[in-house]
Amino acid sequence: MDGFLSNLVKLRIVLTFGAIAGLLPVTLVFIWGALFFLAGALGSLASTGWLAWAIILLPISMSVFCLWTSWKIYAISMATTPEVRYKRLLIAGVVATALWGVPWAYFGRTFPTTIYIFMMPGITAAAMLAIALKREQAVAKQLQS
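In our numbering, the protein residues as written are 298 to 442.
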């Protein structure tokens, strides 16, 4: 039974479970929250002016960057031969994701589940980036020999 699944297939299964547990919940919370706050800001635009848009778009932009980075790392780590381009940008995204989750986890601390929801993307993205970088290095080493 050991030869039934290749190591790459096993890794992809683990990465997919990691994405479902670590990235999907916060992505769904973000979509719901962004729609809710954008609809509220649009409804109150006449009374509040453009300042409300700036206040809402700043955290949404940061969240979009963090989620993009996390899902991009997932896609890279799922590749047969991963090629990590823009390493500094992805590392900055992982750090930003981890740091961005802290205030959101703090605000939602009355519900213990939200702490895990907001902290998991940073941890998951860091683990997936480490896997992708290690696999990229192994492929490069294999091609050199």
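Where a beta carbon is used, it is the ideal one built from N, C-alpha and C, also for glycine.
Would you call F314 buried or exposed, if buried means 16 or more other Cβ atoms sit within 10 Å of its Cβ? exposed
Own chain partners of L430 with C-beta closer than 7 Å, once the 5 adjacent residues on each side are dropped: If the five residues before and after L430 are omitted, its C-beta is found closer than 7 Å to the C-beta atoms of V381, all from its own chain and listed in chain order.
Sequence-distant residues of its chain with Cβ nearer than 6 Å to A423 (five each side left out): Within the same chain, and ignoring the five residues on either side of A423 in sequence, the residues whose Cβ sits closer than 6 Å to its Cβ are V391.
According to DSSP, simplified to helix, strand and coil, what is S303? It is coil, neither helix nor strand.
Would you grab the beta carbon distance between M425 and S374 for me? Rounded to a whole angstrom, and I think it's under 8 Å. Sure, about 5 Å apart at Cβ, within 8 Å.
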